[in-house]
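Trainee: Would you mind keeping the following structure in view while I ask a few things?
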Amino acid sequence: MVSHLLKLLGRLGDEPSPRPAKISDQYANVPLTNQFGERVRFRDDFADGRALIVNTMYTVCRGTCPGTSQTLQGLRARLTPLFRDQLTFVSITLDPVEDTPEMLRRYASIYGAGRRRKDLCDWQFLTGQAADIDRLRRSLGFYDLNPRVDQDLTQHASLLLFGNSKTDRWATLPAGLREGLLVEAIRRVCGTNFEQKYGVKA
4 MVSHLLKLLG RLGDEPSPRP AKISDQYANV PLTNQFGERV RFRDDFADGR ALIVNTMYTV
64 CRGTCPGTSQ TLQGLRARLT PLFRDQLTFV SITLDPVEDT PEMLRRYASI YGAGRRRKDL
124 CDWQFLTGQA ADIDRLRRSL GFYDLNPRVD QDLTQHASLL LFGNSKTDRW ATLPAGLREG
184 LLVEAIRRVC GTNFEQKYGV KA
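Structure representation (structure tokens):
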């Protein structure tokens, strides 16, 4: 009996330990639709080795959403020269019932994302089934521990999640920080080369 257990333990010790999952592997790979009416899946289409900046919003928000969208517009202009097509901006609606793709396109147009732009990083506004949106935002960390606060759209936190699945580095910061501070943080976390991280060529 003892020898059998020793052999079993020996075999278990020889087996390679499973690789730890990437942080981005935990993000829900739910089906979504962007402002152009295109069907996408979150992890397959956005956490695929490119850098990513994510926020939550809804089109009739009168709180922090307009300011956050304006901040993202500024970040897009400043980060495009360094990242080009290696960085994608993603804004996820918290009100998928009202925010249809057409509503999102109109909202996106206010901030220069109502049509495809080859001269700027891609910026997609996403909607979907309510259950899928809820699952996705929770997997991304966009929720409040207080259930009442969590269910109140007007109290949603104005946060930016950014990172790169290639390097498995991710961070979350308040969108209300100075734009320059956000640019520096995003470059350090999302960048994969010296120029992207520090803004100068090596």
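Per our numbering, the very first residue in the sequence shown carries number 4; after that it's consecutive.
Virtual Cβ for every residue (Gly too), placed ideally from N, Cα, C.
Computed from a prediction, not measured in an experiment: that's the story for all the values here.
Give me, in chain order, the residues of the same chain whose beta-carbon lies closer than 6 Å to that of Leu-129; leave out the 5 immediate sequence neighbours on both sides.
Mentor: For this step, residue 129 is matched to residue 126 along the sequence shown. Within the same chain, Leu-129 has close Cβ partners Leu-35, Asn-37 and Ile-95.
Trainee: On the premise that Ile-189 lies in contact with Ile-56, defined as a C-beta separation below 8 Å, what is that separation, rounded to the nearest angstrom?
Mentor: Along the sequence shown, one-based indexing puts residue 56 at 53. Along the sequence shown, one-based indexing puts residue 189 at 186. Indeed they touch by this definition, with Cβ atoms about 7 Å apart.
Trainee: Suppose only complete runs of 4+ residues qualify. What are the alpha helix (DSSP H) ranges in the region 133-168, listed by chain order?
Mentor: You should have 133-143 and 150-153.
Trainee: Going by alpha carbons, who is nearest to Arg-44 out of Phe-92, Thr-59 and Gly-131?
Mentor: Sequence index remark: in the sequence shown, residue 44 carries index 41 (1-based). Comparing Cα-Cα distances from Arg-44 to each of Phe-92, Thr-59 and Gly-131, the minimum goes to Gly-131.
Trainee: Give, in chain order, every unbroken run of the alpha helix (DSSP H) that is at least 4 residues long and sits entirely within the region 37-101.
Mentor: 45-49 and 68-86
Trainee: Is Ala-24 helix, strand or coil by DSSP?
Mentor: Here residue 24 corresponds to residue number 21 of the sequence shown, with the count starting at 1. Reduced to three states, the DSSP call for Ala-24 is coil.
Trainee: Let's see if you can read the secondary structure: which residues bound the alpha helix (DSSP H) around Arg-190?
Mentor: Taking the sequence shown and counting its residues from 1, the one referred to as residue 190 is at position 187. Segment 182-193, the alpha helix (DSSP H) holding Arg-190.
Trainee: Relative to the C-alpha of Lys-169, which residue among Ala-54, Tyr-110, Val-33 and Gln-127 is closest?
Mentor: Here residue 169 refers to the residue found at position 166 when the sequence shown is read from its first residue. The alpha carbon of Lys-169 has as its nearest neighbour, out of Ala-54, Tyr-110, Val-33 and Gln-127, the alpha carbon of Ala-54.
Trainee: With contact counted as at least three CB pairs below 8 Å, one residue from each stretch, are the region 75-85 and the region 142-157 in contact?
Mentor: no
Trainee: When the distance is taken between beta carbons, is Cys-124 closer than 9 Å to Phe-165?
Mentor: Numbered from its first residue, the sequence shown carries residue 165 at position 162. Numbered from its first residue, the sequence shown carries residue 124 at position 121. No; because the gap between Cβ atoms is not below 9 Å, this pair is not in contact.
Trainee: Taking the alpha-carbon positions, what's the Arg-2 to Pro-150 distance?
Mentor: Limits of the chain in this structure are 4 at one end and 205 at the other, which puts residue 2 out of reach.
Trainee: According to DSSP, is Leu-107 helix, strand or coil?
Mentor: As a first step, residue 107 is located in the sequence shown; it is residue number 104 there, counting from the start. If DSSP states are grouped into helix, strand and coil, Leu-107 belongs with the helices.
Trainee: For the candidate residues Thr-67, Thr-157, Gly-52 and Arg-181, whose alpha-carbon lies nearest to that of Gln-89?
Mentor: Here the question's residue 89 lines up with position 86 in the sequence shown. Ranking the options by Cα distance to Gln-89, first place goes to Gly-52.
Trainee: Give the C-beta separation of Leu-82 and Val-203 to the nearest angstrom, bearing in mind that I take them to be a contact with Cβ-Cβ under 8 Å.
Mentor: The count along the sequence shown starts at 1 and reaches residue 82 at position 79. The count along the sequence shown starts at 1 and reaches residue 203 at position 200. The pair is not a contact, with the Cβ atoms about 15 Å apart (cut-off 8 Å).
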